[in-house]
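Colleague: One structure follows; several queries about it will come next.
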Amino acid sequence: MLIVVAPDKFKGTLTGAEVAAAISAGVRQALPEARIVTVPVADGGEGTLAAALECGFAQHHGTVAGPTGEPVRAAFGLKGVTAIVEMAEASGLDQLPGGVKDALGASSFGTGQLISAALEAGATEIIMGVGGSACTDGGAGMLQALGARLHDGAGHELPRGGGALSQIHAVDLAGLDARLGDTAFTLAADVENPLTGPNGAAVVFGPQKGATQAQVEALDAGLGRFAQALGAQLGAPRISGIAQSPGAGAAGGVGFAALAVLGAIRRRGIDVVLELTGLEAALEGAAAVFTGEGSLDTQSLDGKTPVGVAQLAAAHGISVYAICGRNQLSTEQAANAGFTAVRSLLELEHDVARCLREGGPLVQRAATQLASEFLAAAAATP
19 MLIVVAPDKF KGTLTGAEVA AAISAGVRQA LPEARIVTVP VADGGEGTLA AALECGFAQH
79 HGTVAGPTGE PVRAAFGLKG VTAIVEMAEA SGLDQLPGGV KDALGASSFG TGQLISAALE
139 AGATEIIMGV GGSACTDGGA GMLQALGARL HDGAGHELPR GGGALSQIHA VDLAGLDARL
199 GDTAFTLAAD VENPLTGPNG AAVVFGPQKG ATQAQVEALD AGLGRFAQAL GAQLGAPRIS
259 GIAQSPGAGA AGGVGFAALA VLGAIRRRGI DVVLELTGLE AALEGAAAVF TGEGSLDTQS
319 LDGKTPVGVA QLAAAHGISV YAICGRNQLS TEQAANAGFT AVRSLLELEH DVARCLREGG
379 PLVQRAATQL ASEFLAAAAA TP
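This note's numbering puts the first residue of the sequence shown at 19, with every later residue one more than the last.
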């Protein structure tokens, strides 16, 4: 019996590889004769690089500017001419010194430096995983790192950070790295938000990055000014349309800069990752798939990893079992999403602190239970 294990991370607790190892151990306990293939996956945000490294991408390290300018160690993945640049590596919340948020000063500059490093390594196709961003700068910092210059009304160059965009008057793209024009970019993003407005990057995600209400309003206005300045360079109707398009508000507006300036094509993150990892090929002949992530809820239905895995497996007629920390889906929602059964760690251990502390053993236990309940009889049949 072939079992495919394809989970995402349990954010803040277990990496995708650790979840896969725990599920595999649990399944092995119930089905000692089973052949188990692990394919850690992600939804295009945090964990995308780790998933790529599991399927043959080489890890390249470098030192870049963190979200508030301090040097941080970051990595990208490279396989042939295809690079994986995960924004969280350089400009993520986890890279903030001491975890202190800086809503106005945080910048995506380091992400641009990672892209530059990927170009230096020979990449001509770059997949951008955008999740866990610490900044709301519309991707201005990323463009600055790639050679763009932003000026205020007096012609002075602007400092980094979303707060500075309130003073933007002009954007000079003449110094952009010429290699960008020969590079195909993919924006792996599930976020549907536009750049500005009530559903924009600042209003919806700014508070998560430490912005007060006044700062949210300032950031939103600054993003609008940035779009206007870019429009003066690249055509106002085109840039205005991109600014209000789904995904422009991803990662504090980095989606906007990627779409407008880098010419990126936006794709659902899980689709990109499933393609990279070759999960569909791994499903050939599988009897069941085990997947999971930290929380299953209604947001999971919009292209998060477990549902993406379930949809792919369902197309092949394969049963899917999900393990999560917390399950907020109804039985009907879970079934409609493609899950044969769902087991949450909170069903096994009601103490949240213990769930976080003992995540690995609990995931293993949940996998053993599911395999015993749903698959052991079939495995025993000659």
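In this text, a Cβ means the ideal position worked out from N, Cα and C, and glycines have one as well. All figures in this text were calculated on a predicted structure; none of them were measured in a lab.
#1: According to the neighbour-count rule (16 or more other Cβ atoms, all chains shown, within 10 Å of its Cβ), is Asn345 buried or exposed?
#2: Less than 8 Å between the beta carbons of Ile341 and Ala396, yes or no?
#3: Please go through the same chain and pick out, in chain order, the residues whose beta-carbon is closer than 6 Å to the beta-carbon of Val327, but skip the five residues on each side of it.
#4: Pick helix, strand or coil for Asp170, following the three-state DSSP scheme.
#5: I need the straight-line Cα distance from Phe357 to Gly130, nearest angstrom please.
#6: Count the other C-beta atoms from every protein chain shown that fall within 10 angstroms of the C-beta of Asn354, then say buried if there are 16 or more, exposed otherwise.
#7: Under 8 Å between the Cβ atoms of Phe203 and Ala278?
#8: Measure the Cβ-Cβ separation of Leu49 and Ala300 and say whether it is below 8 Å.
#9: Taking a contact to mean a Cβ-Cβ separation below 8 Å, would you say Ser318 touches Val307 in this structure?
#10: According to DSSP, is Ala35 part of a helix, a strand, or is it coil?
#11: Looking only at C-alpha atoms, which of Cys73, Gly123, Leu176 sits nearest to Gly296?
#12: For Gly65, count the other beta carbons within 10 Å of its own beta carbon; 16 or more makes it buried, fewer makes it exposed. Which is it?
#13: Starting from Val370, trace the alpha helix (DSSP H) both ways and give me its first and last residue.
#14: Do you know how far the Cα of Ala68 is from the Cα of Lys27?
#15: Rounded to the nearest angstrom, what separates Gly199 and Thr142 at their Cα positions?
#16: Return helix, strand or coil for Met146, following the three-state DSSP convention.
#17: Using the C-alpha atoms, what's the distance from Ala359 back to Arg91?
#18: If you draw a straight line from the C-alpha of Leu248 to the C-alpha of Ala304, how long is it?
#19: Pro212: buried (16+ other C-beta within 10 angstroms of its C-beta) or exposed?
#20: Taking C-beta to C-beta, are Gln233 and Leu114 nearer than 8 Å?
#21: Helix or strand or just coil, what does DSSP make of Pro177?
#22: Among Ala371, Leu393, Leu366, which one has its Cα closest to the Cα of Val381?
Modeller: Short version:
#1: Locating residue 345 in the sequence shown gives position 327, where the first residue counts as 1. By the 16-neighbour rule on beta-carbons within 10 angstroms, Asn345 is buried.
#2: Locating residue 341 in the sequence shown gives position 323, where the first residue counts as 1. Locating residue 396 in the sequence shown gives position 378, where the first residue counts as 1. Not closer than 8 Å, so no.
#3: Numbered from its first residue, the sequence shown carries residue 327 at position 309. Hits under 6 Å: Ala24, Thr309.
#4: Mapped onto the sequence shown, residue 170 falls at position 152. Asp170: coil per DSSP, three-state reduction.
#5: Looking up residue 357 in the sequence shown gives position 339. Looking up residue 130 in the sequence shown gives position 112. Between Phe357 and Gly130, the C-alpha separation is close to 39 Å.
#6: Taking the first residue of the sequence shown as 1, we reach residue 354 at position 336. With fewer than 16 Cβ atoms within 10 Å of its Cβ, Asn354 is classed as exposed.
#7: As a first step, residue 203 must be located in the sequence shown, where it is residue number 185. As a first step, residue 278 must be located in the sequence shown, where it is residue number 260. The answer is no: Cβ separation not under 8 Å.
#8: Sequence index remark: in the sequence shown, residue 49 carries index 31 (1-based). Sequence index remark: in the sequence shown, residue 300 carries index 282 (1-based). No. Outside cutoff.
#9: Here the question's residue 318 lines up with position 300 in the sequence shown. Here the question's residue 307 lines up with position 289 in the sequence shown. No, these two residues do not count as a Cβ contact at 8 Å.
#10: Along the sequence shown, read from residue 1 onward, the residue named residue 35 stands at position 17. Ala35 falls in the helix class under three-state DSSP.
#11: Translated into positions along the sequence shown, residue 296 becomes position 278. The candidate whose alpha carbon is nearest that of Gly296 is Cys73.
#12: Residue numbering aside, residue 65 sits at position 47 when the sequence shown is read from its first letter. Gly65 is buried by the Cβ-count criterion.
#13: Numbered from its first residue, the sequence shown carries residue 370 at position 352. Val370 -> alpha helix (DSSP H) spans 370-375.
#14: As a working mapping, residue 27 is identified with position 9 in the sequence shown. As a working mapping, residue 68 is identified with position 50 in the sequence shown. If I take the Cα positions, the gap works out to 10 Å.
#15: Stepping through the sequence shown from its first residue, residue 199 is reached at position 181. Stepping through the sequence shown from its first residue, residue 142 is reached at position 124. Distance between the alpha carbons of Gly199 and Thr142: 10 Å.
#16: Looking up residue 146 in the sequence shown gives position 128. The answer is strand: DSSP assigns Met146 an E or B state.
#17: Walking along the sequence shown from the start, residue 91 turns up at place 73. Walking along the sequence shown from the start, residue 359 turns up at place 341. Approximately 40 Å, taken between the alpha carbons.
#18: For the purposes of this step, residue 248 is identified with residue 230 of the sequence shown, where counting begins at 1. For the purposes of this step, residue 304 is identified with residue 286 of the sequence shown, where counting begins at 1. One C-alpha to the other measures close to 50 Å.
#19: Position 194 of the sequence shown, counted from the start, is the residue given in the question as residue 212. Burial call: buried.
#20: By 1-based counting over the sequence shown, the position of residue 233 is 215. By 1-based counting over the sequence shown, the position of residue 114 is 96. Their beta carbons are not under 8 Å apart, which means Gln233 does not touch Leu114 by this criterion.
#21: For the purposes of this step, residue 177 is taken as the residue at position 159 of the sequence shown. It is coil, neither helix nor strand.
#22: For this step, residue 381 is matched to residue 363 along the sequence shown. Checked all of Ala371, Leu393, Leu366; the closest Cα to Val381 is Leu366.
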